[in-house]
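As structure tokens, the structure follows; a few thoughts come after it.
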Amino acid sequence: IAKEILESVGGYEDVAERVMHLIACHHTYTDIDGKDLQILIEADFIVNLYEDSASKNAVRNAYEKIFVTESGKKILKDSFGI
Numbered sequence: 002i003a004k005e006i007l008e009s010v011g012g013y014e015d016v017a018e019r020v021m022h023l024i025a026c027h028h029t030y031t032d033i034d035g036k037d038l039q040i041l042i043e044a045d046f047i048v049n050l051y052e053d054s055a056s057k058n059a060v061r062n063a064y065e066k067i068f069v070t071e072s073g074k075k076i077l078k079d080s081f082g083i
């Protein structure tokens, strides 16, 4: 779907492959190959933890095992009170 959207809009040939890679890998938490993927994973985690009404323990576990960026850690702590 992303490829079709990028092709229909046009002008994104230089980033289309990376965008498709990010989409494909954003639920894979090993071999994170760039800051862009790390940020996407952290943002997705924040949304999923909120939508799932995750326990404090689950939030802390994600904080310790997934979050790397200072911004992501701050947003997670502020949003979930940990």
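Position in the sequence shown counted from 1, then plus 1, gives you the numbering used here. Every residue, glycine too, gets a C-beta built ideally from N, C-alpha and C.
Legend entry - Per-residue DSSP class, three states only, for D32: On the sequence shown, residue 32 is found 31 positions in, with the first residue counted as 1. Correct three-state label for D32: coil.
Legend entry - Residues near A63 by beta carbon distance below 6 Å, same chain, minus five either side: Along the sequence shown, one-based indexing puts residue 63 at 62. These residues qualify, in order along the chain: F46.
Inset, instruction - Determine the extent of the alpha helix (DSSP H) in which I24 is found, giving its start and end residues. - result: If you number the sequence shown from 1, residue 24 lands on position 23. Unbroken alpha helix (DSSP H) run through I24: 14-26.
Legend entry - Option in K74, V48, R19 with minimal Cα separation from L38: Residue 38 sits at position 37 when you count from the first residue of the sequence shown. The option with the nearest alpha carbon to L38 is R19.
Legend entry - Close Cβ partners of L7 (< 7 Å) along its chain, the five nearest in sequence each way excluded: Counting from one through the sequence shown, the residue named residue 7 turns up at place 6. Answer for L7: Y13, A17, V20, listed in chain order.
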